[in-house]
Amino acid sequence: MIGFISYLVNGISLGSVYALIALGYTMVYGIAKMLNFAHGDVIMIGAYVVFTTVSGMGLPPVLGVLISVVACTVLGVLIERIAYKPLRKASKLAVLITAIGVSYFLQNVALLIYGANTKSFTSVVTVPALKLMDGQLVLSGETIVTVLACLIIMAGLMLFMKYSKSGRAMLAVSEDSGAAQLMGVNVNATIALTFAIGSALAAIAGVLMCSSYPALTPYTGAMPGIKAFVAAVFGGIGSIPGAFIGGILLGIIEILSKAYISSQLADAIVFAVLIVVLLVKPTGLLGKQIQEKV
Amino acid sequence: MALLEVKNLGISFGGLRAVDDFHMEIEQGQLYGLIGPNGAGKTTVFNLLTGVYEPTDGYIMLDGENITGKKTIEINKHGIARTFQNIRLFSELTVLDNVKVGLHNHYKYSTLTGILRLPRYYKVEKEMNERAMELLKVFDLDKEADYKASNLPYGKQRKLEIARALATDPKLLLLDEPAAGMNPNETLELMKTIRFVRDKFHMTILLIEHDMKLVSGICEKLTVLNFGQVLTEGPTAEVLKDPKVITAYLGE
Amino acid sequence: MKKMSKQLRSNLITYGIVVAAYIIVTFCMQAGMVSSLLKGLLVPLCVYVILAISLNLTVGILGELSLGHAGFMCAGAFSSALFSKITADVIQPAGLRFFLALLIGTVVAAIFGLLIGIPVLRLKGDYLAIVTLAFGEIIKNVVNVVFLGRDSAGFHMSTKDSISLGLEPGGQVLIKGPQGITGTPNDSTFLIGIILILVTLFIVINLINSRTGRAIMAIRDNRIAAESVGIDITKYKLLAFSVSAALAGTAGVLYAHNLSTLIALPKNFGYNMSIMILVFVVLGGIGNIRGSIIAAVVLTLLPEMLRALNDYRMLIYAVVLIATMIFTSSQGGQEIQERMKAFFKRRSKAEEGK
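Residue numbers (numbering that gives the first Met the number 0), protein chains in the order written: chain A, 0 to 293; chain B, 0 to 251; chain C, 0 to 353.
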């Protein structure tokens, strides 16, 4: 029983990371209607920045994380400006391939700078572990911080979308960018802001993920990126609460499958669950149903 | 017996009753108009007749067969073909190929015959080409047979859609606002074409139209739809004089 | 029928390019002008070309985005490699065995395509893309945990390890989970690869230019209109998807019989491979079969030619990819293209005038 609970806790912790990444995916998809395949690699860049500043230059972790967030935000906006903005009116496939190109680019830049060797990431979390139930259940500092960070960001983001002018502009653009533009919303600025927020979240996700799973390579971000994308689709792509729920569920399913079924098949099980969900509910758990008009 | 017989047809979307107690009888060879103000539910009736929507009530009989609730493909095989209000061509295919897709269920060979290029492939393709060119000629599109459909001018795209629908060899042809976006000259020409199609193919045609010149010019009988219900029906001249109809269009 | 002849000519050019490539490469090999590196690339090149042509059927002709193409290749590779390993001593000559392996790999991949297509093709757009990616990953992962052995009592399967197969002494382990299949006979040659490309081309080109192909493209262009003229949407979508999967399986057979050890890695059967094939298709021009062939060859050779640049080559590849997409698909890029076209037109006209 304790074993199960601790697996569950690990699942929620991993799920929180997925949720953070999925938030970025889902916001960008909702607004720019594109699959930003390079999103996962921004996570990796975020983790490398912390690795350099904290482990390399000896800066305090908080400062390192801050630098990383700023760096990724700038990176996200730059990527959008240089690679995606010229393709605003191009076919979806063209944008997808460009995103794949950006993904290769980021991976190979990291490869050039840091090499292919795995870097061991030092956790930035200094919160002590919490022992529950007479020490049978240990919540590591990383777990606590990850889950809390995810909850706070998620709540903040929902409030931002609901009450701030920029947040409402985002909703308007995601609903109908043409109409939003006619109503005076600056669509380009809104899309840039979306990329900025998504990339900032990716930086945080990267740092938290590498604090729990300290192996860092240029390809660290790829698989979590794909899985977070799965989480976003799972929850209903375009929906912020959907990304959160999808991320958490995915994390739990992955950890429980690893624990009880097979560690090699865990990914396959995650993907199988996604397929089942989409077949039952073709737009994900919280996604909107759209019907084509004849 | 009427070719098309519709009784008590209705559909609800959620709580909204889009079409209610709709009825209509069309005789073989008739040119029939379905008119009504915007939002009256005319296109919804077309969608019900062609199986895009499944009716919640009522029945549809085509040539003595009950086709209520059947799928679009089945209904087309039973003999209803249509055009769309917003033109729906196979935009990347050639004009000729658009019509050949319409011939799909009448000129057959297997996929394997096609891949292996067996003699039957050449024979059937030749027949298809001949038949398609014949249809294109009717609409004066034969010279554009090799054009990509999306490169045709607007008026010709509308014609191509009719040609494609006719290729499926229907008993009843539904035209959804065929004159939309046409100038008076084009409309006049279209009227001639529609009459010609009826006479040449002995076709029964039901059309939705807002252009009253076209309606009064070619339709023999009309049904007027308002707020999803039949307001009145009868011979064109009588219906258009009906004060109820004028009120529905122009308001009190 | 002027159109037919034009189409025929275009298709003949495509076949011709493949045959010419074979002749030139063979000639160069005899003249000793081909490096061993390039020699090693010849069969993989054929594999990629077949994959690109087959994926173009799904992406360009059917108009659905699939990110799981490598999964079908994986199914074809493993089923055929297993067959060849089992029958290596039984079926002679090797040519017959390889032919049977080809059939098996192709049919198995087609069945996978059909089984996956039935649920997947109900979805649309990006959802379809992510689910095909999921299926591709599942196939790869499942292959990685299968252990299969054979002894006098027959076949034994396990998902744990070779020991739990409980083989009799003298029993043979056929699939070793993450270690895959070793000892597949190396039956693939460049000539076979070229023949398979030609067969793939023949199937895809003839399919496109037939009643079936028209129905598939009609669905791509306008599903609702296709339905209204009596086209069975599900049937033709499944058909295109399965043929595409089957041909990916053929590529898988070619791939498997070019290696002595077949292992399912993210690199060869994961979504990375699916994406790489998709890049060939998009850069070659969606729906353009000849373009797929050329893009597959150029983009495979490009990183190899840049080998001297070492660590920078994949970076350059990435930049080329982004730049190409922006040049071909952005508004600015298209304007430049138009201007270039106009410029060349003017020049050729001026020359004619001379």
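Using N, Cα and C, we set each Cβ at its ideal position, and we do this for glycine too.
Beta-carbon spacing of residue i, residue j below 7 Å
i	j	result
ARG149 (chain C)	GLN178 (chain C)	no
PHE36 (chain A)	ILE78 (chain A)	no
VAL223 (chain B)	THR231 (chain B)	yes
ALA73 (chain A)	VAL206 (chain A)	Looking at the sequence itself, residue 73 (chain A) is Val, so the reference to Ala does not match. Cβ atoms of VAL73 (chain A) and VAL206 (chain A): not closer than 7 Å.
ALA166 (chain B)	GLY250 (chain B)	no
SER273 (chain C)	LEU66 (chain C)	yes
ASP317 (chain B)	LYS240 (chain B)	Missing from the structure shown is residue 317 (chain B); chain B here goes from 0 to 251 and no further.
GLN29 (chain B)	GLU219 (chain B)	yes
MET202 (chain B)	LEU172 (chain B)	yes
ILE247 (chain A)	ALA21 (chain A)	no
VAL146 (chain A)	ILE11 (chain A)	yes
ASP220 (chain C)	GLU91 (chain B)	yes
VAL316 (chain A)	CYS71 (chain A)	With chain A represented from 0 up to 293, any question about residue 316 (chain A) goes unanswered, as that position is not in the structure.
ALA242 (chain A)	THR25 (chain A)	yes
VAL144 (chain C)	GLY182 (chain C)	no
SER139 (chain A)	ALA148 (chain A)	no
GLY251 (chain C)	GLY75 (chain C)	yes
SER187 (chain C)	ASN267 (chain C)	no
ALA214 (chain C)	ILE202 (chain C)	no
LEU2 (chain B)	GLN27 (chain B)	yes
LEU285 (chain A)	SER238 (chain A)	yes
GLY75 (chain A)	GLY220 (chain A)	no
Proximity winner among the options, relative to residue i (alpha-carbon distances)
i	options	result
LEU61 (chain C)	C:PHE279, C:ILE232, C:MET272, C:SER259	C:ILE232
PHE226 (chain B)	B:TYR248, B:ASP168, B:LYS136	B:TYR248
ILE268 (chain A)	C:ASN140, C:ARG346, C:VAL46	C:ASN140
LEU111 (chain B)	B:ASP198, B:HIS105, B:ARG119	B:ARG119
GLY55 (chain A)	A:ALA128, A:THR121, A:SER261	A:THR121
PRO213 (chain A)	A:THR117, A:LEU249, A:LEU34	A:THR117
ARG80 (chain A)	A:ILE190, A:GLY286, A:GLY14, A:ALA231	A:ILE190
VAL196 (chain B)	B:LYS158, B:VAL229, B:GLY154, B:HIS105	B:LYS158
SER165 (chain A)	A:ALA188, A:ALA31, A:ALA154	A:ALA188
ILE16 (chain C)	C:LEU300, C:SER291, C:ARG222, C:ARG345	C:SER291
LEU8 (chain B)	B:ASP19, B:GLU143, B:MET190, B:LEU2	B:ASP19
LEU189 (chain B)	B:HIS209, B:ASP168, B:GLY154, B:SER215	B:GLY154
ILE49 (chain C)	C:ALA133, C:ARG289, C:GLN336, C:GLY116	C:ARG289
TYR113 (chain A)	A:PRO281, A:VAL186, A:TYR218	A:TYR218
ALA82 (chain A)	C:PHE342, C:ILE335, C:GLU334, C:THR323	C:THR323
VAL8 (chain A)	A:LEU273, A:LEU264, A:THR193, A:ILE252	A:ILE252
GLU303 (chain C)	C:LEU37, C:LEU11, C:TYR235, C:GLY94	C:LEU37
ARG121 (chain C)	C:LYS236, C:MET216, C:LEU308	C:LYS236
PHE45 (chain B)	B:ASP56, B:PHE83, B:HIS77	B:PHE83
VAL229 (chain A)	A:VAL275, A:SER5, A:LEU131, A:SER163	A:VAL275
For residue j and residue i, believed in contact at Cβ under 8 Å, the rounded distance
i	j	result
ALA179 (chain A)	ALA168 (chain A)	7 Å
VAL130 (chain C)	LEU277 (chain A)	6 Å
LEU354 (chain C)	VAL119 (chain C)	Nothing about residue 354 (chain C) can be reported from this structure: the residues present for chain C run from 0 to 353 only.
VAL244 (chain B)	VAL238 (chain B)	6 Å
ARG210 (chain C)	HIS103 (chain B)	7 Å
LEU95 (chain B)	ALA144 (chain B)	4 Å
GLY94 (chain C)	THR249 (chain C)	Their Cβ separation, rounded to whole angstroms, is 16 Å, which puts GLY94 (chain C) and THR249 (chain C) out of contact at 8 Å.
beta-carbon residue i near the ligand FAD non-hydrogen atom, thresh 6 Å
i	result
LEU249 (chain B)	The ligand FAD is not part of this structure, which contains no ligands at all.
Are the segment 131–149 of chain B and the segment 62–71 of chain B touching, with three or more C-beta to C-beta distances below 8 Å? No, the segment 131–149 of chain B does not touch the segment 62–71 of chain B.
Hey, is the segment 20–37 of chain C in contact with the segment 248–264 of chain C, meaning 3+ C-beta pairs nearer than 8 Å? Result no; under three Cβ-Cβ pairs closer than 8 Å.
In chain order, what are the residue ranges of uninterrupted beta strand (DSSP E) at least 3 long that sit wholly in the segment 106–179 of chain A? Here the runs fully enclosed are 129–131, 136–138.
Counting pairs of Cβ atoms below 8 Å between the segment 35–47 of chain C and the segment 188–204 of chain C, do you hit three or more? In the pairwise beta carbon analysis, the segment 35–47 of chain C is classified as touching the segment 188–204 of chain C: at least three pairs are separated by under 8 Å.
For the pair the segment 57–70 of chain A and the segment 84–102 of chain A, tell me if three or more CB-CB distances fall below 8 Å. Result no; under three Cβ-Cβ pairs closer than 8 Å.
Could you tell me whether the segment 46–62 of chain C touches the segment 233–245 of chain C, using the rule of 3 or more Cβ pairs below 8 Å? By the Cβ test, the segment 46–62 of chain C is in contact with the segment 233–245 of chain C, since at least three Cβ pairs between them sit closer than 8 Å.
Which parts of the segment 180–245 of chain B are runs of the beta strand (DSSP E), unbroken and 3 residues or longer, counting only runs that do not cross its ends? Counting whole runs of 3 or more residues, the segment 180–245 of chain B contains the beta strand (DSSP E) stretches 203–207, 220–225, 228–234.
Using a Cβ distance threshold of 8 Å, determine whether the segment 95–114 of chain A contacts the segment 315–334 of chain C, with at least three qualifying pairs required. Counting C-beta pairs closer than 8 Å gives three or more between the segment 95–114 of chain A and the segment 315–334 of chain C, which meets the contact rule.
Sufficient close CB pairs (3 or more, under 8 Å) joining the segment 279–286 of chain C to the segment 295–302 of chain C: Between the segment 279–286 of chain C and the segment 295–302 of chain C, the count of C-beta pairs closer than 8 Å reaches three or more; the two stretches touch.
Counting only runs of 3+ residues fully inside the segment 112–154 of chain C, write out the beta strand (DSSP E) ranges in chain order. Counting whole runs of 3 or more residues, the segment 112–154 of chain C contains the beta strand (DSSP E) stretches 146–150.
With a floor of 4 residues, list each alpha helix (DSSP H) that falls wholly inside the segment 234–311 of chain C, ordered by position along the chain. Complete alpha helix (DSSP H) runs here, min 4: 265–268, 270–283, 288–304.
Runs of alpha helix (DSSP H) wholly within the segment 15–81 of chain C (minimum 4 residues, chain order): The DSSP assignment places 35–55 as complete runs of the alpha helix (DSSP H) inside the segment 15–81 of chain C, in order along the chain (cut-off: 4 residues).
Any alpha helix (DSSP H) of 4 or more consecutive residues that is wholly inside the segment 219–284 of chain A: Those alpha helix (DSSP H) runs which fall completely within the segment 219–284 of chain A and span 4+ residues are 221–234, 239–259, 265–279.
Run through the segment 25–112 of chain B for me and flag every whole beta strand (DSSP E) of 3 or more residues, listed as ranges in chain order. For the segment 25–112 of chain B, the full-length beta strand (DSSP E) segments reaching 3 residues or more read 30–34, 56–61, 79–81 along the chain.
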